[in-house]
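2 protein chains.
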Amino acid sequence: MPLMKSWVASANSAETPFPLNNLPYGVFSTEDSDPRCGVAIGDMILDCAAAEEAGLIELSDEPVFDVPFWNEVMELGAEAWDALRARLIQLLADGSPEQAATAPLLVPMADATLHLPLLVSEYTDFYAGKNHAFNVGSMFRGPENALPPNWLHIPIGYNGRASSIVVSGTDVRRPWGQLKGPNDEAPRFAPCARFDLELEMGAIVGRASDGPITVAEADANIFGYVLLNDWSARDIQAWEYQPLGPFQSKATATTISPWIVTKAALEPFRTNTPAREKDLLPHLRDCGPMLYDIDLSVTLAPKGKPATTLTRTNYSAMYYSAAQQLAHHTTSGCPMNVGDLLGSGTISGETKESRGSLLELSWGGKEPVTLDSGETRSFLDDGDTLTLHGAAKGDGYQIGFGDCTGTILPALTDPYAR
Amino acid sequence: MPLMKSWVASANSAETPFPLNNLPYGVFSTEDSDPRCGVAIGDMILDCAAAEEAGLIELSDEPVFDVPFWNEVMELGAEAWDALRARLIQLLADGSPEQAATAPLLVPMADATLHLPLLVSEYTDFYAGKNHAFNVGSMFRGPENALPPNWLHIPIGYNGRASSIVVSGTDVRRPWGQLKGPNDEAPRFAPCARFDLELEMGAIVGRASDGPITVAEADANIFGYVLLNDWSARDIQAWEYQPLGPFQSKATATTISPWIVTKAALEPFRTNTPAREKDLLPHLRDCGPMLYDIDLSVTLAPKGKPATTLTRTNYSAMYYSAAQQLAHHTTSGCPMNVGDLLGSGTISGETKESRGSLLELSWGGKEPVTLDSGETRSFLDDGDTLTLHGAAKGDGYQIGFGDCTGTILPALTDPYAR
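As you go down the protein sequences, you meet chains A and B in turn.
Under the working numbering, the letters of the first sequence match residues 1165 to 1582, in that order.
Under the working numbering, the letters of the second sequence match residues 1165 to 1582, in that order.
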C-alpha cells in the first residue's frame, strides 16, 4: 500500500511517523483544554471531542471522546473501530469535502501535552522472545539449560502491576529494594544498582472475554499496539524471583508510548511467527501471519550528552504473537477486560547488536557497552534518558509509534522521610 | 471487650457472626432494590443507602452508599471510617433514640442477594505462611531445601488477576490447561485433574499510596479483611510456574467472603507475629501486634452429602502480617490504590489437621483424605462444595466473616465450542 495523501501537508512526508495510513489514538491536553481523545496526523492532533461535538464524528448516541482514555471507544466494538477509522480517513484525506470544517479542530502537536491513552485495566508481561529467554537463561543456568522445558509449548507470562504504567516522558525514580549478592551474608535494603530497560511491544485488549478464546478470536479482540519499556531492577529481581516470579523488581514503572497504533494501520505489515521447533498444541497454533514487521531501536542519552543507539531489532523476532499470548491467558477461564495490556516480553534479535536489554548487551555487566561519548554502561546511570523508537516501513511512508522515553532520577536519600 | 447490646435482637446472641461489635460492610440487593451498600447486624442488613437518603448517616456532601461497592467510602479516609462506625453503633445500640427511624431500613438477610463488596483494583497473592511454604517446599525440594533463601527476609508474593475475584456462592468451573506429568513425553491440553483450595485471608487497601510506606503506615491504610479461597490448579501450576511464577493455575477464580470485617472490629483480637528466626530488616519490622486471632476452618460437602471439616487453623499462624506485606509491596515505589486486595498466602498450622490446602492435607495426593461419607479426596471432585469459615472469638460474642463458599462445576466438554 502506498502513502495515502492528506490535506494536512505534514502528514505526506516519508519521514512523519503519522501519515494518513496511521491515525493512532492518544489523549492530549492544551493550555485551553482538559485531557481528551485525539488522533495524530502529521505534526497535528485532530481533537476528536471537538469533532464529535461539531457532528463530524458520530460513533455512539453518547459522547465517547471527551474523556481522558480510549476505553469507551474500545467498548463500542470492532465495527465501531472500523467505522471510526473510515470516517477519519474521509475527513482527513486529500480532497475531503469536509476539510474546511475539520481544519479548525487541529491542534499543533507541539502545543499539546500527551497523557496515558487508556485506563489500564490489568497488565500482564510475557517472556516470549526466544533470543532474550535464551540469553538470560544462558547467563543464569548455562546454554544447555537456557530455555525452561515449558518455553516452546506455552507463552510464559506473569501478572504485572497496572498501577505502575506511565506515559512516555514520565521521569522514573531509581527504586530501593532488598538486595543480596551471591557472596553477601545477609540481604540489605538499598537503592537498586542494576537498573535496566526492556524493549517490548504492548498489545491492548479492546474487547472483554469470559472463558477460553481461540487465537483467531484473540487476534480480533486486540485493539492496537504501543511501545513498552519494562524497567527492571535486576538486583532486586535476582533475590526475590524464586519461587513465585518477579514482583517489586518490575513494579517501579513501565513506560508506554503515547499513541495507540491500531491493528488496522499495521495490517500491511503482518508477518509470520518463526518456524516452530516443537509443534504447538492446536489451541495455540497460528491462524495466519500474526506478528508485525516493525523496526525497533533504543537510544541512551547521558545527562546533557548526545544519544547513542544501544540496539536495533524487529518485532518479528518474537516467537509468540500477542494473539497467542492472549489466547493462552484465557485458557483457565481467566476473564479479560477492555484496557488490559499485554507486554510482549523483551525483543532481542539473534545478534549482539540487537539485544533488547542492558542485561544482555553487557552480558550481566561483564562486557560494559561503550557509548558515543566514551562513557560505558553495564546498567543505567542516574540522569540517563532512555528512548524506544518503533516504525513499520511502508512504500514511501512509515507507521510510527511516537517515542517511548524516560529519564532516570536518583534514588531517594531516605525513602521513608516525610 | 464484652458483647455490645443492640436493639436488633438477633445481634445479641453468642452465636451470631454479626453482633454490634462487628458491623461488617457488604453489598446487597433484594427483589425491590439494586445492589447497594449495607451493614450486617444479626440476621438483618441495614440499608446504608436508605439511611443516607433518610439523613440518618451523613458521611460526605455527595451520596456514597447508593453504589455497588465500598470504594467511595474507603476514599473518604480513616477519619470517615471511624465516624461511620461510631454513627452505626449509635443507630443500632440498645436504647438508641433513633431506633424507630432506623428499624424500617433493616432488610432480612434471608431476602437479600450478596454481591462483591468492593471493586477490586488489583490483586496480589502472598506466600507468607511458613508451615505452608515448608510443606510445599518439602514436597517439591525435600525438607532441607524447603524454604527458599529469601523467605525469612521478605514476604514473597506475586501479582494475581483482579478480574478473577468472585463473591462467595459463585460456582467455579474446573479449568482446562496445559499439563505435563514428569513422565509424559509432551504436554497436552486437558481439564485440570488436581484442582485445589487455598485457605487465606484477604486484606483490603483503603488508602492509596505512591512510594514506599512504613509498616505502621501500611497498617493504617488497611480498611478491612475478608476470607479468601485461592482456587489452584496444581497440575497446571507444576508445568507453568518456572521461571516466572503461577499464572493460569491461579486465574480461574478466587472467592472472597461477602462481608468486609473492618480493622476496628478486629482490634481486640490483635496478636503478635511469631518469633523471628532471622531478624527482619528495619523497614519490615513489626510495630506492635499485627496479626489477628481468628479461628478458621474449611468444610467439604460432596454433592448431596453432608460436609466434612477438612482443617482447622488460625490466622495467627502466619509469619508475616498484611501490613508487612503491604509495606514490602511499596518498597520499589509501586503505587497502591483503594480497592487493592492482598491475599495472605495459605494459612496452615503446624499439625496435619491444620493444613490449609488439599495439596498439603493429602501430601500431593499420596495420602488421600477420608470424608465422613467414606469417600476420599486427594483433590476436589466435580460437585464438591467448599466452604471457608472464620470467626474471632470474644467474651460472649464472635466477629464472623460470613461463609466463603463455592461449588465445583465440571469442566466444559469443549472449551472452544460456541
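From the three backbone atoms N, C-alpha and C, an ideal C-beta is built for every residue, glycine too.
{"Check": "Step through the CB atoms of chain B and report whether any lies within less than 8 Å of the CB of GLN1406 (chain A).", "Outcome": "yes"}
{"Check": "Could you tell me the alpha carbon to alpha carbon distance between ASP1521 (chain B) and GLU1179 (chain A), rounded to whole angstroms?", "Outcome": "Sequence inspection shows Ser at residue 1521 (chain B); the Asp mentioned does not correspond to that position. So the alpha carbons of these two residues sit roughly 60 Å apart."}
{"Check": "Starting from the beta carbon of HIS1553 (chain A), find every residue of chain B whose beta carbon is closer than 7 Å, and list them in chain order.", "Outcome": "None at all; the shortest Cβ gap to chain B is about 26 Å."}
{"Check": "Does DSSP put GLY1301 (chain B) in a helix, in a strand, or in coil?", "Outcome": "helix"}
{"Check": "Would you tell me roughly how many angstroms separate the C-alpha atoms of LEU1525 (chain B) and CYS1498 (chain A), rounded to the nearest one?", "Outcome": "27 Å"}
{"Check": "Between which two residues does the beta strand (DSSP E) containing THR1418 (chain B) stretch?", "Outcome": "1418 to 1420"}
{"Check": "Distance check for ASP1196 (chain A) and ALA1402 (chain A), CA to CA, integer angstroms please.", "Outcome": "47 Å"}
{"Check": "Note down the Cα distance separating LEU1255 (chain B) from GLU1262 (chain B), rounded to an integer number of angstroms.", "Outcome": "6 Å"}
{"Check": "Name the two residues that bound the continuous beta strand (DSSP E) containing ASP1289 (chain A).", "Outcome": "1287 to 1290"}
{"Check": "Alpha carbon to alpha carbon, how far is SER1260 (chain B) from PHE1565 (chain B)?", "Outcome": "25 Å"}
{"Check": "When you check each C-beta in the region 1282 to 1316 of chain A against every C-beta of chain B, which residues fall closer than 7 Å?", "Outcome": "GLU1286, TYR1291, PRO1312 and ASN1314"}
{"Check": "To test your reading of the DSSP string, which unbroken alpha helix (DSSP H) runs of 4 or more residues are found completely within the region 1422 to 1471 of chain B?", "Outcome": "1427 to 1430"}
{"Check": "Which residue's Cα is closest to the Cα of THR1194 (chain B): B:GLU1222, B:ILE1205, B:GLU1239 and B:HIS1279?", "Outcome": "B:HIS1279"}
{"Check": "Along chain A, which residues have their Cβ under 8 Å away from the Cβ of CYS1498 (chain B)?", "Outcome": "ARG1325, SER1327, SER1328, GLN1412, ALA1415 and THR1416"}
{"Check": "Give the DSSP-derived three-state secondary structure of ALA1214 (chain B) in the structure shown.", "Outcome": "helix"}
{"Check": "Can you tell me whether LYS1294 (chain B) is buried or exposed? The criterion is at least 16 other CB atoms within 10 Å of its CB, across all chains shown.", "Outcome": "buried"}
{"Check": "On the CB-based measure, 16 or more other CB atoms within 10 Å of its CB, does PRO1466 (chain B) come out buried or exposed?", "Outcome": "buried"}
{"Check": "Does any C-beta atom of chain A lie closer than 8 Å to the C-beta of GLN1488 (chain B)?", "Outcome": "no"}
{"Check": "State yes or no: is the beta carbon of PRO1339 (chain B) nearer than 8 Å to at least one beta carbon in chain A?", "Outcome": "yes"}
{"Check": "Judging by CA-CA distance, which residue of A:TYR1484, A:GLN1562 and A:ALA1417 is the nearest neighbour of PRO1166 (chain A)?", "Outcome": "A:GLN1562"}
{"Check": "Name the two residues that bound the continuous beta strand (DSSP E) containing ILE1329 (chain A).", "Outcome": "1329 to 1331"}
{"Check": "Tell me where the beta strand (DSSP E) around VAL1231 (chain B) begins and ends.", "Outcome": "VAL1231 (chain B) -> no beta strand (DSSP E), and no H or E assigned at all."}
{"Check": "Starting from ILE1221 (chain B) and walking both ways along the beta strand (DSSP E), at which residues does that stretch end?", "Outcome": "Premise fails: ILE1221 (chain B) is in no beta strand (DSSP E) and is neither H nor E."}
{"Check": "So TYR1322 (chain A) and PRO1268 (chain A) are supposed to be a Cβ contact under 8 Å. How far apart are they, rounded?", "Outcome": "With a Cβ gap of about 47 Å, TYR1322 (chain A) and PRO1268 (chain A) do not count as contacting."}
{"Check": "Which residues, in order along the region 1440 to 1465 of chain A, keep a beta-carbon less than 7 Å from a beta-carbon of chain B?", "Outcome": "LEU1445 and HIS1447"}
{"Check": "Looking at chain B, is there any beta carbon in it that lies within less than 8 Å of the beta carbon of ILE1368 (chain A)?", "Outcome": "no"}
{"Check": "Does the beta carbon of TRP1245 (chain B) come closer than 8 Å to any beta carbon on chain A?", "Outcome": "no"}
{"Check": "Can you say whether ASN1309 (chain A) is buried or exposed, counting buried as having 16 or more other CB atoms within 10 angstroms of its CB?", "Outcome": "exposed"}
{"Check": "In terms of residues, what are the limits of the beta strand (DSSP E) holding GLN1254 (chain A)?", "Outcome": "Element bounds for GLN1254 (chain A): not the beta strand (DSSP E) but the alpha helix (DSSP H), 1242 to 1256."}
{"Check": "Taking Cβ to Cβ, would you say VAL1203 (chain B) is nearer than 8 Å to LEU1240 (chain B)?", "Outcome": "no"}
{"Check": "DSSP beta-bridge partners for GLU1364 (chain B)?", "Outcome": "B:LEU1392"}
{"Check": "For LYS1557 (chain B), which three-state DSSP category applies?", "Outcome": "strand"}
{"Check": "Contact between the region 1357 to 1365 of chain A and the region 1213 to 1223 of chain A: three or more CB pairs below 8 Å?", "Outcome": "no"}
{"Check": "Starting from the beta carbon of GLY1321 (chain B), find every residue of chain A whose beta carbon is closer than 8 Å, and list them in chain order.", "Outcome": "LEU1408 and PHE1411"}
{"Check": "Less than 8 Å separating the beta-carbons of VAL1336 (chain B) and TRP1395 (chain B)?", "Outcome": "yes"}
{"Check": "Per DSSP, what are the beta-bridge partners of ILE1205 (chain B) in this structure?", "Outcome": "B:MET1208"}
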